[in-house]
Amino acid sequence: MLEIHLTERAAAEYERISSGTMTPEMASEYLRDGRITLRTFSESLRDIYPHPDIGLRLTDSFRAYEPRVSPEAMSKKVRGWLDGKSRPSRREDVFRIGFALDLSESDVSHLLGQCTGYGIHYRDPMDAVYTWFLRNDRGYDEALEFYSSLPPIDSAAGYIEAPGNAHITSELRNALMTSRTVEELREVYLANMGRFGELHLRAYKYFEKYMNLLMHPEAGWDGDGTVDYSLETVMEKYLTLHMPSGRSRGGYSVTQKLLKRNWPNATALKNIRAHREDVPRKLLLLLYVITENVVDGEYSELDEDYLSISERLRQHWWVLNAILIDCGMPSLDPRNATDWLIMYALTAGGDESMSERMSQVIDHLFADM
Numbered sequence: 010m011l012e013i014h015l016t017e018r019a020a021a022e023y024e025r026i027s028s029g030t031m032t033p034e035m036a037s038e039y040l041r042d043g044r045i046t047l048r049t050f051s052e053s054l055r056d057i058y059p060h061p062d063i064g065l066r067l068t069d070s071f072r073a074y075e076p077r078v079s080p081e082a083m084s085k086k087v088r089g090w091l092d093g094k095s096r097p098s099r100r101e102d103v104f105r106i107g108f109a110l111d112l113s114e115s116d117v118s119h120l121l122g123q124c125t126g127y128g129i130h131y132r133d134p135m136d137a138v139y140t141w142f143l144r145n146d147r148g149y150d151e152a153l154e155f156y157s158s159l160p161p162i163d164s165a166a167g168y169i170e171a172p173g174n175a176h177i178t179s180e181l182r183n184a185l186m187t188s189r190t191v192e193e194l195r196e197v198y199l200a201n202m203g204r205f206g207e208l209h210l211r212a213y214k215y216f217e218k219y220m221n222l223l224m225h226p227e228a229g230w231d232g233d234g235t236v237d238y239s240l241e242t243v244m245e246k247y248l249t250l251h252m253p254s255g256r257s258r259g260g261y262s263v264t265q266k267l268l269k270r271n272w273p274n275a276t277a278l279k280n281i282r283a284h285r286e287d288v289p290r291k292l293l294l295l296l297y298v299i300t301e302n303v304v305d306g307e308y309s310e311l312d313e314d315y316l317s318i319s320e321r322l323r324q325h326w327w328v329l330n331a332i333l334i335d336c337g338m339p340s341l342d343p344r345n346a347t348d349w350l351i352m353y354a355l356t357a358g359g360d361e362s363m364s365e366r367m368s369q370v371i372d373h374l375f376a377d378m
């Protein structure tokens, strides 16, 4: 059996889940009381750049990028990142951090994944251009000037015409990243204008597979026979999982806020199906749990009752991480609140479904709300 390599605190969370000693109510109390050691953006950033001048370099650099923002406001923004109180929400800010600290391509991709749910996307023109300049030790100013000089593209370019061709991303990455000069990069970029796009092809493929199963369940899959469900029905029947509705998060703990943040709704599902929005990592994780990844009818050892909780979690760990990596998303992190809850749901067995186990935790977790 392959070994799972985690940091000490992440391994402790993994072992806690795989032990099988926590009831859904115990799991909800563990999350609500903040006993889980959540990974912060600050921790990840300082692990990558463990030098005392980090605050000065970021503040000076971002002041140069945004001269209209007051020095006080910019310092407060950077302090929030370094104190673990906030994290960048814009992909460009993460790239700016990478340029400011001379980070590697893989480090920036890791930080992007933590902040946005996706690592570097080589079909996104901004990601591709900035990555080339990072890889070639050039500055942000030069990258921004070059990117600003390029003609705009349709954000869905190349997506509708070839939704199953996920190899486009690797082909485009290879073509762009092997460019030796800025002039050659421009030529390759212009020659591949129709292949760029902000949406992730592979993630949509999984989304479509899971959603088709939920919208058109075969007889016996959920006990209702052969029916066709609307997106609203799918949302209400499968995806709410007892998560409170509404945007208000007053009185919520940090963990409760993290779990509720960006919870899917029917509007988001419609926009994703219409190729107006990307597939969020949280939604992909929920769809895996709800369908239990049983979408092709083939035999899976995970269906066998003889597997222990630890063995079941380990098997799902490898399968789900393979899917996430395939989609350009970060692998499971036991110190991420959503991932922790997903992993706890993966331990369900016997007559209990994963979604039932997850909804029980959420029910207890938000019982007072």
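Per this note's numbering, residue 10 is the first one in the sequence shown, and the count goes up by one each step.
All C-beta atoms in this analysis are idealised placements derived from N, C-alpha and C, irrespective of residue type, glycine included.
Values in this document were obtained by computation on a predicted structure and should not be read as measured data.
For Pro33, the enclosing alpha helix (DSSP H) begins and ends at 33-41. Comparing alpha carbon positions, the residue from Lys214, Asn271, Met244 closest to Leu333 is Lys214. By the Cβ criterion, the segment 241-258 is not in contact with the segment 191-201, since fewer than three pairs of Cβ atoms, one from each stretch, lie closer than 8 angstroms. Under the three-state reduction of DSSP output, Cys124 falls in the helix class. Three or more beta-carbon pairs drawn from the segment 118-126 and the segment 98-110 are found closer than 8 angstroms, and the two stretches are therefore classed as touching.
Exclusion of the five residues before and after Trp141 leaves Leu185, Met186, Ser188, Leu194 as the residues of its chain whose Cβ lies within less than 7 angstroms of its Cβ. Taken through DSSP and simplified to helix, strand or coil, Pro80 comes out as helix. When DSSP assignments are scanned along the segment 273-297, the uninterrupted stretches of alpha helix (DSSP H) that are 4 or more residues long and fall wholly within it turn out to be 275-282. The segment 50-59 and the segment 92-104 touch, with three or more beta-carbon pairs separated by less than 8 angstroms. Proximity to Asp150 across Ser28, Cys336, Glu75 peaks at Glu75, based on C-alpha coordinates. In the structure shown, Arg321 falls within a helical segment according to DSSP collapsed to helix, strand and coil. Look at Lys86 here: in three-state DSSP terms it is helix. When DSSP states are grouped into helix, strand and coil, Arg48 belongs to the coil group. Only buried fits Leu329, as 16 or more other CB atoms lie within 10 angstroms of its CB.
With fewer than three CB-CB distances shorter than 8 angstroms, the segment 60-68 does not count as touching the segment 341-361. Distance from the CA of Leu267 to the CA of Glu196, rounded to the nearest whole angstrom, comes to 43 angstroms.
Under the criterion of beta carbons closer than 8 angstroms, Asp342 and Asp348 qualify as touching, at roughly 5 angstroms.
Here Ser257 has no same chain residue with a Cβ atom under 7 angstroms from its own Cβ, once five neighbours each way along the sequence are excluded. Beta-carbon to beta-carbon, Ala152 and Tyr131 are separated by about 15 angstroms, too far to satisfy the 8 angstroms threshold.
For Tyr131, the secondary structure class from DSSP, reduced to helix, strand or coil, is coil.
Distance from the CA of Ala212 to the CA of Lys291, rounded to the nearest whole angstrom, comes to 12 angstroms.
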